[in-house]
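To start, the structure itself, in structure tokens.
Number of protein chains: 4
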Amino acid sequence: MQALEPPVRVRLLRYTRDGPLLVAAAARITVSKKPVERAMEMGPGEVEKWIRELVRRGHGSPLEHAVYTFEAECSRVCSHQLVRHRLASYTQQSMRYTEGFLRSMALKVCSIMGVGSCPERPTSANDYRVYETVLREAAGRLEGPDGSGWALIVAASRGYVFNPSWSPETMARVARAYLGATAEYYGLLAGRVPREDARMVIPQAVRTRIVFTMNARELLESFLPLRMCSHAQWEIRMLAWGVWRELMKVHPEIFRYAGPRCILEENRVRPEPCSLEQYLNGDCDFTIPRCPEMVPKPGIRSCLRYAAESSRASAGPRGLGG
Amino acid sequence: MQALEPPVRVRLLRYTRDGPLLVAAAARITVSKKPVERAMEMGPGEVEKWIRELVRRGHGSPLEHAVYTFEAECSRVCSHQLVRHRLASYTQQSMRYTEGFLRSMALKVCSIMGVGSCPERPTSANDYRVYETVLREAAGRLEGPDGSGWALIVAASRGYVFNPSWSPETMARVARAYLGATAEYYGLLAGRVPREDARMVIPQAVRTRIVFTMNARELLESFLPLRMCSHAQWEIRMLAWGVWRELMKVHPEIFRYAGPRCILEENRVRPEPCSLEQYLNGDCDFTIPRCPEMVPKPGIRSCLRYAAESSRASAGPRGLGG
Amino acid sequence: MQALEPPVRVRLLRYTRDGPLLVAAAARITVSKKPVERAMEMGPGEVEKWIRELVRRGHGSPLEHAVYTFEAECSRVCSHQLVRHRLASYTQQSMRYTEGFLRSMALKVCSIMGVGSCPERPTSANDYRVYETVLREAAGRLEGPDGSGWALIVAASRGYVFNPSWSPETMARVARAYLGATAEYYGLLAGRVPREDARMVIPQAVRTRIVFTMNARELLESFLPLRMCSHAQWEIRMLAWGVWRELMKVHPEIFRYAGPRCILEENRVRPEPCSLEQYLNGDCDFTIPRCPEMVPKPGIRSCLRYAAESSRASAGPRGLGG
Amino acid sequence: MQALEPPVRVRLLRYTRDGPLLVAAAARITVSKKPVERAMEMGPGEVEKWIRELVRRGHGSPLEHAVYTFEAECSRVCSHQLVRHRLASYTQQSMRYTEGFLRSMALKVCSIMGVGSCPERPTSANDYRVYETVLREAAGRLEGPDGSGWALIVAASRGYVFNPSWSPETMARVARAYLGATAEYYGLLAGRVPREDARMVIPQAVRTRIVFTMNARELLESFLPLRMCSHAQWEIRMLAWGVWRELMKVHPEIFRYAGPRCILEENRVRPEPCSLEQYLNGDCDFTIPRCPEMVPKPGIRSCLRYAAESSRASAGPRGLGG
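Quick mapping for you: the protein sequence lines, in order, are chains A, B, C and D. Taking my numbering, the leading residue of the first sequence gets 28, the next gets one more, and so forth. Taking my numbering, the leading residue of the second sequence gets 28, the next gets one more, and so forth. Taking my numbering, the leading residue of the third sequence gets 28, the next gets one more, and so forth. Taking my numbering, the leading residue of the fourth sequence gets 28, the next gets one more, and so forth.
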């Protein structure tokens, strides 16, 4: 059976070369009379020591010099939450000027429905009407039991986000709603309603593309703690874990200490900070009586494990180019 | 004929007492050895002179001490744009935990459809099923010509935003999409899908409530210039003009110079700044060859007038309490 | 014996009316469908409950709607640290255009030295030369034992900051350096060096005036925790405690939970948050193994008490108008 | 004759690889359905076209993805101005914990004065007393005509900033003040006054080291326009022009459009934006009636040339390692 598009995709596009070294060297000049050039001669062990100390003391400002740019795909529900993080930069695909991922979805539906007349680049009212008709029919086909049902759900996942943990019935029901609403959208375009108005009927789950830049401090102290937490909504939680996995590939010296708020708080009050992995596998215990989200000490680790495991689906096989 | 709910509502909740005086006094201490207390003895004429000078020189930092808190209603399309302004504070109604404006809409639809069995506070699957059924029927009734059509559109405007300039046919079509999608939403709730997931099918036009705080500099130099402009999307443009009208009621000394980007740029290069009203009524001419949005000098005033006139509908008669 | 000018003065100029109510009402709309107007009907007990919950969960964003503007006097060492808090607004007295507090200091020195010829508003080279001469003589008089020594130190405290805990010998030595450097400054002005260049020789302890605006979240989560801490430099620590005392007069519902970083962290991991007073007087114990500044649990309370007691000198009897 | 240390040094440490391409690609995804990967296949000509368009429209947000980290040396007068730019990250050498550049200055003075007993790493009261004595004598030697005068001024420029346009007499006078104040500083250290208090007597011109990170938007729209302007104080103006020269070496596609506020405003209202070089050499004329700093159109170019020429001294021959 064909797989759904993953709800969330995230890829690290650019980042500060030698970020950990730059951070350590910047931290060092605060208490030294030597220039940064000299401070940057330190070895990896010393870099790790300096960063560990910054984490332990919650001394975040030197971490701001390491900066990361990501490309992500997620729903507009998720992007609305994402852009609430104000210490970051965003550039997002506009639905005033484009149909976003909807055209690619519609063409796939056409192919599944065996309709050969769907234009690749619709411009006329008739073109849009063809899209409308096919999408409405496809939505109708999801009402009853039908062999092509799953293929249509998969097609819908090109344009909209599905929660991978939904039951097949919920998937079908939601896909029907997505396809039906997209039919309305193309119907409005056929009626010469401008794109920026027609989009009003599009469900919030519509997929969007966004490029964002955050520094290591914002990531460590705000974005990851809030959004990797099991109390965060599942989609942005997937995004946050995906971001963290990308970061671990390039700068583990910094991001091994990242995690939900429980870890942020714990690392600031225990003698030595521990890594997310150490908390997950039980090599480090929590000492705080409860996490900021009110989970008492004995429950924190299993809460953390749930967050980690439920967020594995973020990296799809096809890459962002889809 | 009953009126639609206005797409956008905005109300000034709190603001800095004597904001203009505080701004002028702060500006004055930069070049004086006297304390603020003494600077605050200045009269209204002097306050106006100081503020005019700040505007003329684009010296914005003293304007940050005057701060304004608004309550607004608009769609989630609009709130997604709003929260992109990062030098501000936001608190928004959550759709993870509430149905927002949808329940009030559904109850109104029940009443129009003559269904007496809609529970005020739905909790069981059956309760939600009643909502689903009524909304689906109402959506169906909007397909053909029907006396109750307009009343249903008006009811739909409780939960979703309509562009007041749409044709009646577009209104009906869009209302049908809104009601149909809300039926799906309640169907998912009936199926025990959590609210945070069920909302995925809700159209982006869904109404939301948001409290936001901005200072006079962010308002004058960024939010109002970008969003009062005729190139802004109509809904956030309505919001921006609504914000400006609220501000003019309390601090005209500052906000008379506010306006789209053409005015921001013009006031920084002409001998003396002019007010928005002076530009609108022709008492001041533009000298810049073009505005930042590429409208050439001769067209700027009519562009400005269009922006002003098309944004009058923002203040509804019923107040925010609706 | 005449008292020194306090090193730091701070006064709350303006703040959000009903700040705690506004914060509580904003927090409430996130989980309610009611407008803010309705939420603002809640009573004081409910306001306190909501704010306590925000503190307990570290849910800071609603606290941003309450905003506070202060006027402060401190050294430029201190103001350089202050303006590092980026989520705030600043307007500072310029020494490119004014002599700041130095002229008032020089006139007082003239009077002590019995020199009647010091012009109130110096403009010519000769005028500045008079200042230079008097100040140099006064500096010289501080070298040996002399009855007028203390009066000159007091005069110097009009223009520069003294640590109240210094020994009389250090005071005299430092005052001599301040007066000598100010003599050089006026000598340079006499030589027609522009003010912005002449100030290069002025000691960093020179007094400055600054107006700043911060919201309750920045105050509670960043400024007060970092700067009320006993590890902060004494001058900005005095400023921070002064800020806190001003805030307690108007909005104790919010600021009773403020304090150094130990309190910020502790309140997020203990079952119920406690107030600064409760920690100080022992009604609440710390549970965290150490504070972020590495003080182990048993030492935190005495560290906190030291910070509180050593920072009492911030409010002078004369007010800011001096 | 030996040269003074340049007042300001600045060096680009790290920056976003392919910054202009990343900016152009991000801008492009707003109006395209293609992923960033595809957008990044564009050629240099297209990159330049996209960036030019962003500048022309004042559409700054995509420029935030290109980020630059600098190391700078300047006075604390200058760093106090620098850190007022809040959309940036700073890490600065502390004078609570180090003597900064003062020890290196003192050792050079010892060598000039022929004192062999100055300890490299002073720790005891006696050590500091040696420093104090030598510095006081050196200051005294600058009072009259003396062959070693210039060498002492050069030594003083290791620890403090001199305006290169000062007359020799002013230089000597200022150097005397600097050395005298440093003598007081070491005298206080000898008296066991902590470094953080002893620094109170240090002149504001004291040299400091700071690492800062800014994105291209903050640089283009705020830092460079305000600080490259001839109305900015000379030292931060030197810093800003030094920053710009560093940026032009790596990303001229973006920074050719940078310049003082006159250029920022002009490029937003003329048909096509021009580069700083084109304005300087007269290939582009100004159309705005005046600049934001009130210079009328006919005077803007010569004002711009003055700013450029008076700021050439920023790059010293010795590099930052000095």
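From the three backbone atoms N, C-alpha and C, an ideal C-beta is built for every residue, glycine too.
message: Pop quiz: B:Arg83 and B:Glu299 are said to be a contact at Cβ under 8 Å. What is the actual Cβ separation, rounded to whole angstroms?
response: 7 Å between Cβ atoms; contact.
query: Would DSSP call D:Ala99 helix, strand or coil?
result: Looking at D:Ala99 - three-state DSSP - the assignment turns out to be strand.
- prompt: Does the count of Cβ pairs from the stretch 110 to 122 of chain B and the stretch 54 to 72 of chain C closer than 8 Å reach three?
  reply: The stretch 110 to 122 of chain B vs the stretch 54 to 72 of chain C: in contact.
- request: Return yes when the C-beta of C:Arg130 is under 7 Å from any heavy atom of the ligand ATP, and no when it is not.
  value: Ligands displayed in this structure: none; no statement on the ligand ATP is therefore possible.
Coil, strand or helix - C:Ala316 by DSSP: Looking at the sequence itself, residue 316 of chain C is Pro, so the reference to Ala does not match. Taken through DSSP and simplified to helix, strand or coil, C:Pro316 comes out as coil.
query: Among B:Ile180, B:Ile237, B:Pro221, which has the Cα closest to the Cα of B:Glu32?
result: With distances taken between CA atoms, B:Glu32 lies nearest to B:Ile180 out of B:Ile180, B:Ile237, B:Pro221.
message: Quick check: what's the CA-CA separation for C:Val161 versus D:Ser184?
response: If I take the Cα positions, the gap works out to 29 Å.
- request: Residues of the stretch 226 to 247 of chain B with a CB closer than 9 Å to any CB of chain C: list them in chain order, please.
  value: Look at the stretch 226 to 247 of chain B: the residues with a C-beta under 9 Å from a C-beta of chain C are Arg236, Ile237, Val238, Phe239, Thr240, Asn242, Arg244.
message: Looking at chain A, is there any beta carbon in it that lies within less than 8 Å of the beta carbon of D:Gly186?
response: With its beta carbon at least 8 Å from every one in chain A, D:Gly186 lies outside the interface.
- prompt: Can you list, in chain order, the residues of its chain whose CB lies under 8 Å from that of D:Glu292, leaving out five sequence neighbours each side?
  reply: Exclusion of the five residues before and after D:Glu292 leaves Ile315, Cys318, Pro319 as the residues of its chain whose Cβ lies within less than 8 Å of its Cβ.
- prompt: Counting Cβ pairs closer than 8 Å, one from the stretch 232 to 239 of chain D and one from the stretch 126 to 137 of chain C, do we hit at least three?
  reply: At 8 Å Cβ cutoff, the stretches do not touch.
field: Proximal residues of chain D, C-beta to C-beta of C:Thr197 below 9 Å
entry: Chain order gives the chain D residues near C:Thr197 as Leu215, Gly218, Val220, Asp224, where near means a beta carbon separation below 9 Å.
message: For a test of the three-state rule: what should DSSP assign to B:Tyr117, helix, strand or coil?
response: Strand at B:Tyr117.
Integer-rounded CB distance, given that B:Gly218 should sit under 8 Å from A:Thr197: Correct: roughly 7 Å between the Cβ atoms.
- request: At 4 residues or longer, and completely inside the stretch 134 to 221 of chain D: list those alpha helix (DSSP H) runs for me, N to C.
  value: Listed in chain order, the complete alpha helix (DSSP H) runs (minimum 4 residues) inside the stretch 134 to 221 of chain D are 152 to 168, 176 to 186, 195 to 217.
- request: Give the residues of chain D in contact with B:Thr314, contact being defined as C-beta atoms less than 7 Å apart.
  value: Those are Pro316, listed as they occur along chain D.
task: Could you tell me whether any Cβ in chain A is nearer than 8 Å to the Cβ of C:Gly70?
output: Under the Cβ distance rule, C:Gly70 does not count among the residues neighbouring chain A, no pair being separated by less than 8 Å.
message: On the DSSP letters alone, give me the boundaries of the alpha helix (DSSP H) that D:Ile281 sits inside.
response: It spans 279 to 282 - the alpha helix (DSSP H) in which D:Ile281 sits, taken as one unbroken run.
query: Assuming B:Gln260 contacts A:Glu223 under a Cβ cut-off of 8 Å, what Cβ separation, rounded to an integer in Å, is found between them?
result: Between A:Glu223 and B:Gln260 the Cβ distance is about 6 Å, and since that is below 8 Å, they are a contact.
message: Which residues of the stretch 78 to 92 of chain D have a Cβ closer than 8 Å to any Cβ of chain A? Give them in chain order.
response: Within the stretch 78 to 92 of chain D, the residues whose Cβ lies closer than 8 Å to some Cβ of chain A are Ser88, Pro89, Glu91, His92, listed in chain order.
field: Euclidean distance between Cα positions of B:Leu253 and B:Leu246
entry: Those two C-alpha atoms are separated by around 10 Å.
- prompt: Nearest CA to the CA of C:Lys324: which residue from C:Ile290, C:Arg339, C:Arg203?
  reply: C:Lys324 has its Cα closest to that of C:Ile290, out of C:Ile290, C:Arg339, C:Arg203.
field: Residue range of the unbroken beta strand (DSSP E) whose run includes B:Asn308
entry: Run containing B:Asn308: none; DSSP gives neither H nor E here.
query: What does A:Val37 touch in chain B if you count any residue whose Cβ is under 9 Å from its own?
result: In chain order: nothing, as chain B lies at least about 19 Å away.
Residues that DSSP places opposite C:Val233 in a beta bridge: According to DSSP, C:Val233 bridges with C:Tyr187.
Contact set between the stretch 276 to 307 of chain C and chain A, restricted to residues whose Cβ is under 8 Å from the partner: Contacts with chain A (Cβ-Cβ distance below 8 Å) from the stretch 276 to 307 of chain C involve Arg288, Glu292, Arg295, Val296, Arg297, Pro298, listed in chain order.
task: Kindly list, in the order they appear in chain C, the residues whose Cβ is closer than 7 Å to that of A:Pro325.
output: Using a Cβ-Cβ cut-off of 7 Å, A:Pro325 is close to nothing in chain C; its nearest Cβ partner there is about 14 Å away.
- request: Could you name the residues of the same chain whose beta carbon sits closer than 6 Å to that of B:Arg163, not counting the 5 residues immediately before and after it, in chain order?
  value: Sequence-distant Cβ neighbours of B:Arg163 in its own chain, meaning closer than 6 Å and more than five residues away, are Ala210.
Closest by C-alpha distance to D:Ser329, when choosing among D:Ala285, D:Leu307, D:Glu64: Of the candidates D:Ala285, D:Leu307, D:Glu64, the one whose C-alpha sits nearest the C-alpha of D:Ser329 is D:Leu307.
query: Can you name the residues of chain A whose CB is closer than 8 Å to the CB of C:Glu320?
result: Proximity of chain A to C:Glu320 at the Cβ level (cut-off 8 Å) is accounted for by Arg84, in chain order.
message: Just list the residues that DSSP pairs D:Pro323 with in beta bridges.
response: Answer is D:Arg317, bridged to D:Pro323.
task: Could you name the residues of the same chain whose beta carbon sits closer than 6 Å to that of C:Asp45, not counting the 5 residues immediately before and after it, in chain order?
output: Within the same chain, C:Asp45 has no close Cβ partners at all.
message: So for A:Val18, helix, strand or coil by DSSP?
response: Outside the displayed range of chain A (28 to 349) lies residue 18 of chain A, so it cannot be described from this structure.
message: To the nearest angstrom, how far is the alpha carbon of C:Leu39 from that of C:Leu109?
response: About 16 Å.
query: Which residues in chain C sit within 8 Å of D:His107, going by Cβ to Cβ distance?
result: Per Cβ cutoff of 8 Å: Arg103, Ser106, His107, Val110.
message: Less than 8 Å between CB atoms is the rule here; does D:Lys60 satisfy it with respect to chain A?
response: Contact with chain A is found for D:Lys60, since one of that chain's Cβ atoms lies less than 8 Å from the residue's Cβ.
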